[in-house]
Structure formats: structure tokens, C-alpha cells
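*Asks:* In the UniProt record's numbering, the protein residues as written are 1 to 538. Pasting a structure below so you can have a look.
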């Protein structure tokens, strides 16, 4: 693995020049401008604080960026991860979040060491789209308090919304107006200006100035420490058997999301750069980074497609882009902390709601609808609902299982057609004693879910003198379907019925050969052999 990593670095920095360094610096500055408001927003929305988001972006940018499996990967806090952390923070507190992050880092590291990067390929695309939309819903609903200036209670979004029935819902007009203003600015902001100053950063600057000038009574981010090591960092005392058991399941969710987000980001960025991601090296980088982050007070980090695509479009050449973006964020934290502490919470809420809206894979969802991919739509909605109601790990399992069940149901739809034998077409003279023969054409896999339909079709063959089974369209057969054929042959033997099989796939022939070896009736594995016996040339 170390040799592989060294080879990645050699390939990346061969021919590196001052011109490429300038491009890395400019790309790093551009990414930092995008990452700054998002890091603060995701830190707050995770249930920890703004400083945690900044620390995560800085440490992840340096550590994970240095070890990444692709030079283009920019890691940091993400909205999807914040949605999971919200419930963990409510039930287990900040130390629970940090401990879950550390455990998730160990899991990611082990996944990389044991080369499990291919596991994400087993998750169907509609499932990924579904939990992405589910997370977007959680992020948006999680900003109701910040947007409306209200207060709620609960360990998850649904409980928080339900608590309004008891606590009441009294929106603060100033907060709502400011949040809506941010959303409008981000929607109508010219794309040409976004390359110079991101819409989210511009919107936050404007709303912060408005709040300061007019002394509006609106909640703000609060004090941001000017230290890379937070007072809310993982404590060694927190590492007990009891605490580990409490956060084990959330840690699995964090690790799964970190794996899926990072590898999908790498796959997308790899297509943009024509440089494929080393998925196992990426998991090792994510694992080491997330193991280190809690001891600085950071929350889980993953590769983020928004920041990664910005880095690529801004001309980033090497992994120095991610490191430079982290250093710029660190300088911003040191210099601009007093100003960032005055950022209005509804402004961050507006940024996150628009971010959540843009997270949805709208083009993919539209394709499902317009092309009437009903199975994909079903998997999408099941996973989305499961993500909102339960958590990511359960949602992925439910999505994958539902996909498997739907696939099995569709696979069980076999086609069976019965036709009389056309002897003239077979270049054989018509024969009265062979006039009541039937060909049974079967298409589709024969297994336990299609066995009943097969049995019903075979019941229609009682009065036929002979039956030819054409199985060219049968790719597989299981023991349940074999039992149906065996039962039919036993009954055919009692009736004096002749049976032939033709066009068997090798796998099917292997499993069915005992049917014509162990029966006393006239059964032939091929039509040619059967006809030669029953209808000699003479």
C-alpha cells in the first residue's frame, strides 16, 4: 500500500512547475471561499458548533488531502454527515459524536486495508439517489428553528417537528425575512460572479452587514475560538466499554456514509479529470483523517463533490489544492473569527436549505419518472422514506433488500408457450401416431418463485402423446423447479407419455441430466436422439 501511495505521488508531481503551483494556489483560494460558509453551516447544523466545522475542514484538508487516492478529492464536513450527527448529538452529546467519529475512522481504515472499496458497487443507483434525497430532507427540516427563530426538542427531525405541538410555533419575522433573503440571493445570483465570489459567501456577508447596521435581534453563530484544537475534543476518559456500545451503530452509519460519499465523489471527479480514483487508498486516507479529527474537536469528514468539482474547474493540478484551501481556512479562522461570530443563524439556515435542494439528483429523478422506471422509483422512495424515518445504515439495508425483492419478483415472470409439433417443418413425413405431440417453449429462470406457474402449465399436457421442452431461454434452474419436472415425469410414465428436452443451457443441462437417467419412461435429452429412436429412418 505504501509503494502504491508513493507511485501515486510520483505520477502526480512528475513535471511539476511554478506555473502548476500558481494554479494550485488559485484553485485553493477558490475552494476556500466556497468551503468557509459551508464549514460553519455544517458545524452548527451537526449539533456541535461552528468551530467544529472549521476545524474539520482544516484538518481534513491537510491530512486526508495529503493521503487521498485522487489528487482532486477535497474533504471536509458535509450536509449528509451533519444530518446524521444531529441525532447523535441530541442523544449522546458532543463526546458521543467525537467517539463515533473515531470508531468510524477505524472502520474506514480497515475497509481500505482489506480492499473493500468495491462494496459501494453493490448499492443500486436508485438507493443512492434515495438516501441522498432523504438526507436533503433531513437537512432542510433541521433548519426550521434557525430559519423561523423558534425552539424545538427531540433527538431527530421528526421528534423536533412533533414538539411544536407542545412548545408552540411562533416565528420571528426578522429571522424568517433574513433566511428568505439569503435563499433568494443564492437562487438569482449570476453564475459569472460565482467564479469570483460564491453566492453563499456573498449572501452571508450581506446579511451579516444588514444585521450589524440595523441591530436586528437575531441569533448569531457565537464565539469562534482562534485555535485549531477545540476545548470540545475527544477525551481519553470517554473511551469506555459502555460508551463504545452506545455509539457503535451510529459509527457504522458514519463509516458507511463516509465510504459512499467519498467513493462516489471520486468516481464523478475521476470522469471529469480522466484520472481514476484509487478507492482503497482513499478509504485509508478517510480512515486516518477521521481517527485524528476527534482529538482536535472535529466532526466526521468525507470527500465533498461540491468542493471537489470547484477545485477541478478552478484548475487544481495536485493535492496541494486541498492543502492550500485548508491553510486559507486556518488563516481566516485566526483573522476573521470576531466577524464570523456575528453571522446570523437564519442566514446559515438559508444556505443549508438551498444546498439541500441542490443535493438532490434531479436529473436522475426526472429520468426515473419520464422513462417510467417504476422499479427504480419504488427503490428511490423506499430508501428516501427510510432515511428520514430511521438512519442511513438501516436505510441502505432496506433499499438494497427492497431492490433484491423487486428483482426477484420481476425475475419470476417466466413465459411459457405451447404449440403443436410441425412435422413437415422438421422434414419428416406426417405420422398419425405422432400427431398429438406438443412443444413447450419456456423463457426465464426457473426457480422457487416461478415453479408454481410452471406446474400449472404442465397440468395442461395430460392428454398429449409426447412433449418436447425447448429450454433455450432458461438460464438457470433450482431444485424447486427440478422437482416440478420430476413429478411431471413420474405422472407421464404412468400415462405412457414420451418426453424430450432440447436446447438446454450447459448449467441447466448439468442439473437436469438425472431426470432422463433415473426414470423408467421414454425420456430423451435431445430431440434429435429422441426422434431417431422413435422415428427410425427406415
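Every residue, glycine too, gets a C-beta built ideally from N, C-alpha and C.
Using only alpha-carbon positions, find the residue among 372, 128, 403, 441 that is nearest to residue 264.
*Replies:* If you number the chain shown from 1, residue 264 lands on position 264. The residue with the shortest Cα to Cα distance from residue 264 is 128.
*Asks:* Pick from 415, 86, 244, 81: whose alpha carbon is nearest that of residue 262?
*Replies:* Locating residue 262 in the chain shown gives position 262, where the first residue counts as 1. Nearest C-alpha to residue 262: 81.
*Asks:* Rounded to the nearest angstrom, what separates residue 361 and residue 107 at their Cα positions?
*Replies:* Within the chain shown, numbered from 1, the residue matching residue 361 stands at position 361. Within the chain shown, numbered from 1, the residue matching residue 107 stands at position 107. Going by the C-alpha atoms only, they are around 28 Å apart.
*Asks:* Which one of 169, 176, 135 has the shortest CA to CA distance from residue 156?
*Replies:* Residue mapping note: residue 156 aligns to position 156 of the chain shown, counting from 1. Out of 169, 176, 135, 135 has the C-alpha closest to the C-alpha of residue 156.
*Asks:* So the candidates are 457, 152, 379, 97; which of them puts its Cα closest to the Cα of residue 419?
*Replies:* What you label residue 419 is simply residue 419 of the chain shown in a count that begins at 1. Among 457, 152, 379, 97, the Cα nearest to that of residue 419 belongs to 457.
*Asks:* Between residue 269 and residue 312, is the Cβ-Cβ spacing less than 8 Å?
*Replies:* Looking up residue 269 in the chain shown gives position 269. Looking up residue 312 in the chain shown gives position 312. Cβ distance < 8 Å, so residue 269 and residue 312 count as in contact.
*Asks:* By how many angstroms is the C-alpha of residue 337 removed from the C-alpha of residue 131?
*Replies:* Indexing the chain shown from 1 puts residue 131 at position 131. Indexing the chain shown from 1 puts residue 337 at position 337. About 35 Å.
*Asks:* If you follow the alpha helix (DSSP H) that residue 365 is part of, which residue opens it and which one closes it?
*Replies:* Sequence index remark: in the chain shown, residue 365 carries index 365 (1-based). It spans 362-370 - the alpha helix (DSSP H) in which residue 365 sits, taken as one unbroken run.
*Asks:* What separation, rounded to the nearest whole angstrom, lies between the Cα atoms of residue 357 and residue 506?
*Replies:* Indexing the chain shown from 1 puts residue 357 at position 357. Indexing the chain shown from 1 puts residue 506 at position 506. Using only the alpha carbons, I get a separation of about 51 Å.
*Asks:* With a threshold of 16 other CB atoms inside 10 Å of the CB of residue 151, please say whether the residue is buried or exposed.
*Replies:* Within the chain shown, the letter at position 151 stands for residue 151. So residue 151 counts as exposed.
*Asks:* Pull up the CB-CB distance for residue 55 and residue 296, whole angstroms please, since I reckon it's below 8 Å.
*Replies:* Within the chain shown, numbered from 1, the residue matching residue 55 stands at position 55. Within the chain shown, numbered from 1, the residue matching residue 296 stands at position 296. 5 Å between Cβ atoms; contact.
*Asks:* The beta strand (DSSP E) that contains residue 447, what's its start and end?
*Replies:* By 1-based counting over the chain shown, the position of residue 447 is 447. That residue, residue 447, is in no beta strand (DSSP E); it is neither H nor E in DSSP.
*Asks:* Using 10 angstroms around the beta-carbon of residue 432, count the other beta-carbons present and answer buried if the total reaches 16, otherwise exposed.
*Replies:* As a first step, residue 432 must be located in the chain shown, where it is residue number 432. With a pLDDT of only 49 at residue 432, under the threshold of 50, the placement of this residue in the model should not be trusted, and no figure is reported.
*Asks:* Could you tell me which of 72, 345, 48, 294 sits nearest to residue 83, measuring between CA atoms?
*Replies:* By one-based count along the chain shown, residue 83 stands at place 83. Here the closest residue by C-alpha is 48.
*Asks:* If contact is defined by three or more beta carbon pairs under 8 Å, each pair taking one atom from either stretch, is the segment 21-31 in contact with the segment 323-338?
*Replies:* Flag = yes, the segment 323-338 and the segment 21-31 touch.
*Asks:* With distance defined between alpha-carbon atoms, name the residue in 283, 40, 353, 474 nearest to residue 112.
*Replies:* The sequence position of residue 112 within the chain shown is 112, counting from 1. The candidate whose alpha carbon is nearest that of residue 112 is 283.
*Asks:* Which class does residue 289 belong to by DSSP, given the choice of helix, strand or coil?
*Replies:* For this step, residue 289 is matched to residue 289 along the chain shown. In the structure shown, residue 289 sits in a helix (DSSP, three-state: H, G or I).
*Asks:* Report the three-state DSSP secondary structure of residue 421 (helix, strand or coil).
*Replies:* Residue mapping note: residue 421 aligns to position 421 of the chain shown, counting from 1. Note: residue 421 maps to coil in three-state DSSP.
*Asks:* Between which two residues does the alpha helix (DSSP H) holding residue 210 run?
*Replies:* Along the chain shown, one-based indexing puts residue 210 at 210. 199-214 is the span of the alpha helix (DSSP H), which, as asked, contains residue 210.
*Asks:* Which word fits residue 422, buried or exposed, when buried means at least 16 other C-beta atoms lie within 10 angstroms of its C-beta?
*Replies:* Translated into the one-based positions of the chain shown, residue 422 becomes position 422. Exposed.
*Asks:* Using only CA atoms, which one of 167, 199, 218 lies nearest to residue 178?
*Replies:* The residue labelled residue 178 in the question sits at position 178 within the chain shown. The residue with the shortest Cα to Cα distance from residue 178 is 218.
*Asks:* Can you have a look at residue 117 and say buried or exposed, based on whether 16 or more other CB atoms are within 10 angstroms of its CB?
*Replies:* As a working note, residue 117 is residue 117 in the chain shown. That one is buried.
*Asks:* For residue 275, which of helix, strand or coil comes out of DSSP?
*Replies:* The residue labelled residue 275 in the question sits at position 275 within the chain shown. Of the three classes helix, strand and coil, the one that applies to residue 275 here is coil, per DSSP.
*Asks:* How many angstroms separate the CA atom of residue 109 from the CA atom of residue 215?
*Replies:* Counted from its first residue, the chain shown places residue 109 at position 109. Counted from its first residue, the chain shown places residue 215 at position 215. C-alpha separation (whole angstroms): 48 Å.
*Asks:* Do residue 24 and residue 317 count as a contact pair if the criterion is CB distance below 8 Å?
*Replies:* Stepping through the chain shown from its first residue, residue 317 is reached at position 317. Stepping through the chain shown from its first residue, residue 24 is reached at position 24. Their beta carbons are under 8 Å apart, which means residue 317 touches residue 24 by this criterion.
*Asks:* For residue 73, is the classification buried or exposed, using 16 other Cβ atoms within 10 angstroms of its Cβ as the cut-off for buried?
*Replies:* Numbered from 1 along the chain shown, position 73 holds the residue referred to as residue 73. Buried, by the Cβ-count rule.
*Asks:* Is residue 223 buried or exposed, if buried means 16 or more other CB atoms sit within 10 Å of its CB?
*Replies:* If you number the chain shown from 1, residue 223 lands on position 223. Classification for residue 223: exposed.
*Asks:* Please name the residue, chosen from 455, 488, 344, that lies closest to residue 143 on a Cα-to-Cα basis.
*Replies:* Within the chain shown, residue 143 is the residue found at index 143, counting from 1. When only C-alpha atoms are compared, the closest one is 344.
*Asks:* Return the CA-CA distance between residue 340 and residue 221, expressed in angstroms with no decimal places.
*Replies:* For this step, residue 340 is matched to residue 340 along the chain shown. For this step, residue 221 is matched to residue 221 along the chain shown. Using only the alpha carbons, I get a separation of about 7 Å.
*Asks:* Using only CA atoms, which one of 454, 9, 46, 58 lies nearest to residue 352?
*Replies:* Taking the chain shown and counting its residues from 1, the one referred to as residue 352 is at position 352. Taking only the C-alpha atoms, the option nearest residue 352 is 46.
*Asks:* If we count Cβ pairs, one from each stretch, closer than 8 Å, do we get three or more for the segment 465-474 versus the segment 433-452?
*Replies:* With the cut-off at 8 Å, the segment 465-474 and the segment 433-452 touch.
*Asks:* If you check the beta carbons only, do residue 281 and residue 69 fall under 8 Å apart?
*Replies:* Along the chain shown, read from residue 1 onward, the residue named residue 281 stands at position 281. Along the chain shown, read from residue 1 onward, the residue named residue 69 stands at position 69. In this structure, residue 69 lies closer than 8 Å to residue 281 by Cβ.
*Asks:* Measuring alpha carbon to alpha carbon, tell me which residue in 38, 414, 145 is nearest residue 163.
*Replies:* To locate residue 163, count along the chain shown from 1; it is residue 163. It is 145.
*Asks:* Going by DSSP, what residue range makes up the alpha helix (DSSP H) through residue 164?
*Replies:* Taking the first residue of the chain shown as 1, we reach residue 164 at position 164. Its alpha helix (DSSP H) spans residues 157-167.
*Asks:* Identify, in the order they occur along the chain, each residue of the same chain with its Cβ nearer than 7 Å to the Cβ of residue 553, setting aside the five sequence neighbours on each side.
*Replies:* Any property of residue 553 remains undetermined from this structure, which presents the chain solely from 1 to 538.
*Asks:* Does residue 369 pass the burial test, meaning 16 or more other C-beta atoms within 10 Å, or should it be called exposed?
*Replies:* As a position in the chain shown, residue 369 is number 369, starting the count at 1. It is exposed - the Cβ of residue 369 has fewer than 16 other Cβ atoms within 10 Å.
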